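Going by full-length UniProt numbering, the sequence shown runs without a break in its numbering and finishes at 116. Glycine is no exception: its CB is placed at the ideal position from the N, C-alpha and C atoms. It should be emphasised that the depicted structure is a prediction, and the values quoted were computed from it without experimental measurement. Below is one structure, written out as structure tokens; comments come after it.
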Amino acid sequence: RRERGNEFFTSGEYEKADSFYESAFDLLLCEEGDGSREHRRIVGDERALLLTNRATVCYKRAKYNETIAYCSQALAIRTNMIKAKFRRAQANLELGHYEEAERDCRSILEIEPENQ
């Protein structure tokens, strides 16, 4: 479902893309798997990625508060997710929240100093 969402995103059909990302996320919420640490890590990574994809859709649609909310949810799962920090910084810039944007940018540079 994520891949299908990516196809719609690439073609600029953001609403359809978001629908597929949401559906994939909901399916993961029902995913029990074998309960192993590795399985939980994989599911967590996928959930964080889907939330970040939804944030990107919101950003493209100028829904900056929703962008920030989805990025924050993704970062609650994976605290060092660069893509989520960057997208949240962009949305904060759009809203004039410069300190919050700077905080995320500094955090990105702490994680990846060469990422300038």
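- Query: Helix, strand or coil for residue 171 per DSSP?
  - Reply: There is no way to answer for residue 171, as the model of the chain reaches only from 1 to 116.
- Item | Residue range of the alpha helix (DSSP H) that includes residue 62 | As a first step, residue 62 is located in the sequence shown; it is residue number 62 there, counting from the start. Per DSSP, residue 62 belongs to no alpha helix (DSSP H) and is neither H nor E.
- Thinking C-alpha only, which one of 83, 47, 105 is nearest residue 93? By 1-based counting over the sequence shown, the position of residue 93 is 93. Closest by alpha carbon: 105.
- Task: May I ask which residues mark the beginning and end of the alpha helix (DSSP H) holding residue 27?
- Result: Start at 1 with the first residue of the sequence shown, and residue 27 comes out as number 27. Per DSSP, residue 27 belongs to the alpha helix (DSSP H) from 14–30.
- Find the nearest neighbour of residue 28 within the set 9, 114, 49, judged by alpha-carbon distance. Within the sequence shown, the letter at position 28 stands for residue 28. Closest by alpha carbon: 49.
- Task: To the nearest angstrom, report how far apart residue 112 and residue 85 are at their CA atoms.
- Result: For the purposes of this step, residue 112 is identified with residue 112 of the sequence shown, where counting begins at 1. For the purposes of this step, residue 85 is identified with residue 85 of the sequence shown, where counting begins at 1. Our two residues, residue 112 and residue 85, have alpha carbons roughly 12 Å apart in a direct line.
- Item | Assigned secondary structure, residue 39 (DSSP; H/G/I helix, E/B strand, else coil) | Counting from one through the sequence shown, the residue named residue 39 turns up at place 39. Here residue 39 sits in helix by DSSP.
- Query: Does the distance from the C-beta atom of residue 70 to that of residue 89 stay below 8 Å?
  - Reply: Reading the sequence shown from its first residue, position 70 is the one you call residue 70. Reading the sequence shown from its first residue, position 89 is the one you call residue 89. Not closer than 8 Å, so no.
- Consult DSSP for residue 11 and reduce its assignment to one of helix, strand or coil. Numbered from 1 along the sequence shown, position 11 holds the residue referred to as residue 11. Three-state result, residue 11: coil.
- Residue from 107, 21, 37, 9 whose Cα sits closest to the Cα of residue 79: Here residue 79 corresponds to residue number 79 of the sequence shown, with the count starting at 1. Selection 107, 21, 37, 9 evaluated against residue 79 yields 107 as nearest (Cα-Cα).
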